[in-house]
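Have a look at the structure below, then the notes.
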Amino acid sequence: MPIIVNLDVMMAKRKISLNELSERVDLTLSNLSILKTGKAKAIRFSTLEAICKALDCQPSDILEYVNDEKITTNR
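Sequential numbering from 1 applies to the sequence shown in full-length UniProt numbering.
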């Protein structure tokens with residue numbers, strides 16, 4: 001998938017646990033875990049906004065686009 005989710009990286013930088021982030025953004029642990037592992041198919045802008053506010057970051061700190069051609073070329 002060309003969209004990479006770096007939520008775990010930002011959580012580590014901010015030293016915040018999944019439980020704490022879940023409480024701050026009012027999202028279930030399971031939904032947050034799905035997002036964190038990159039298995040989510042979509043994210044609401046309101047959820048992205050809440051995560052960015054809680055982690056004091058930009059959406060680009062959490063979501064990254066990687067061109068499929070670069071992935072295939074580097075393997």
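Glycine included, each C-beta is placed from N, C-alpha and C at the ideal position.
- Following the DSSP letters along the chain, one finds Ile4 inside the beta strand (DSSP E) bounded by residues Ile3 to Val5.
- In the displayed model, Leu21 falls within a helix according to three-state DSSP.
- Among the bridge pairs identified by DSSP, Glu64 is matched with Ile4.
- The Cβ atoms of Lys36 and Leu7 lie closer than 7 Å to each other.
- Distance from Leu63 to Ile3 at the Cβ level is roughly 6 Å; contact confirmed, criterion being Cβ atoms closer than 8 Å.
- The beta-carbon distance between Asp61 and Met10, rounded to whole angstroms, is 5 Å. This is short enough to meet the 8 Å contact definition.
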